[in-house]
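Undergrad: Numbering (the working numbering), first residue to last: 5 to 203. Every residue, glycine too, gets a C-beta built ideally from N, C-alpha and C.
1. I'd like the span of the alpha helix (DSSP H) that includes residue 77, first residue to last.
2. Less than 6 Å between C-beta atoms, sequence neighbours within five positions excluded: which residues of the same chain meet that for residue 36?
3. Could you give the DSSP three-state label for residue 195: helix, strand or coil?
4. Specify the secondary structure class of residue 174 as computed by DSSP and reduced to three states.
5. Could you check where the alpha helix (DSSP H) with residue 65 kicks off and where it finishes?
6. Can you say whether residue 105 is buried or exposed, counting buried as having 16 or more other CB atoms within 10 angstroms of its CB?
7. Using alpha carbons as the reference points, say which of 69, 138, 170 and 76 lies closest to residue 108.
8. Confirm, please, whether the CB-CB distance from residue 124 to residue 100 is below 9 Å.
9. Is the beta carbon of residue 78 sitting closer than 9 Å to the one on residue 86?
10. Grab me the residues of residue 102's own chain with a C-beta within less than 8 Å of its C-beta, minus the 5 sequence neighbours each way, in chain order.
11. Short of 8 Å in beta carbon distance, which residues of its chain neighbour residue 111, apart from the five on each side in sequence? Order them along the chain.
12. Can you give me the Cβ contacts of residue 55 inside the same chain, cut-off strictly under 6 Å, excluding the 5 residues immediately before and after it?
13. Can you tell me which of the three DSSP states residue 124 falls into?
14. What is the C-beta distance between residue 64 and residue 119, in whole angstroms, given that I count them as a contact (C-beta under 8 Å)?
15. Does the beta carbon of residue 61 fall short of 8 Å from some heavy atom of the ligand GTP?
Right under this line is the structure:
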């Protein structure tokens, strides 16, 4: 397979590397940022460490929560398109505890819960504008997820990815194959656009 074909496959399947999130946020609004995240895979990193700590702190301010509950709460904020992993949530909670912004508040079913402290509430008040921007950004992900959440389409896209991988990466090189596949995909695109035009 040629270098160009490999590069195109990497782009198609999201393997070309991670764009700098902050740079994209500066250049685009929340909706375009959300579309970019959805296109590149909603399960990838959405919040940097400082943003995540602030979001977790705001959720703990609503009520005492444990790590698993926080993961589910963030996932709910994004309409199910993103859930932070335990590998980033629990270290963030440790930092918040070290900073005196949260404290242990008993346990639930063997899970350690945390409550906000006065220092934590002060931090939320001080970072109100930033927190609102983060909430808007996560809400944009939820909105994008709602508009694009079509199970049959996801199933068809998964099948397409599998078929493309198998057909392009297997067998003897065929210089005409990418062109024939492109014709099929172009025709599918035109048919989808016509559906849009009638809606």
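TA: Taking the coordinates as given:
1. Numbered from its first residue, the chain shown carries residue 77 at position 73. From DSSP, the alpha helix (DSSP H) with residue 77 extends over 71–81.
2. Translated into positions along the chain shown, residue 36 becomes position 32. With a pLDDT of only 49 at residue 36, under 50, the local geometry of the prediction cannot be trusted, and the value read off the model is given with reservation. Result list for residue 36: empty, nothing under 6 Å.
3. As a position in the chain shown, residue 195 is number 191, starting the count at 1. The answer is helix: DSSP assigns residue 195 an H, G or I state.
4. Here residue 174 refers to the residue found at position 170 of the chain shown. Residue 174: coil per DSSP, three-state reduction.
5. Taking the first residue of the chain shown as 1, we reach residue 65 at position 61. First-last of the alpha helix (DSSP H) with residue 65: 53–66.
6. Position 101 of the chain shown holds residue 105. Per the 10 Å Cβ criterion, buried.
7. By 1-based counting over the chain shown, the position of residue 108 is 104. By alpha-carbon distance to residue 108, the top candidate from 69, 138, 170 and 76 is 69.
8. Residue numbering aside, residue 100 sits at position 96 when the chain shown is read from its first letter. Residue numbering aside, residue 124 sits at position 120 when the chain shown is read from its first letter. With contacts defined by Cβ atoms closer than 9 Å, residue 100 and residue 124 form a contacting pair.
9. For the purposes of this step, residue 78 is identified with residue 74 of the chain shown, where counting begins at 1. For the purposes of this step, residue 86 is identified with residue 82 of the chain shown, where counting begins at 1. Taking the C-beta atoms as reference points, residue 86 is found nearer than 9 Å to residue 78.
10. The sequence position of residue 102 within the chain shown is 98, counting from 1. Only residues of its own chain outside the window of five on either side were considered, and among them none has a CB closer than 8 Å to the CB of residue 102.
11. Taking the first residue of the chain shown as position 1, residue 111 is located at position 107. Within the same chain, residue 111 has close Cβ partners 70 and 117.
12. Here residue 55 is taken as the residue at index 51 of the chain shown, counted from 1. Here the set comprises 138.
13. For the purposes of this step, residue 124 is taken as the residue at position 120 of the chain shown. When DSSP states are grouped into helix, strand and coil, residue 124 belongs to the helix group.
14. Locating residue 64 in the chain shown gives position 60, where the first residue counts as 1. Locating residue 119 in the chain shown gives position 115, where the first residue counts as 1. At roughly 7 Å, the Cβ-Cβ gap stays under 8 Å, so residue 64 and residue 119 are in contact.
15. Absence of the ligand GTP is noted for the structure shown, with no ligands found whatsoever.
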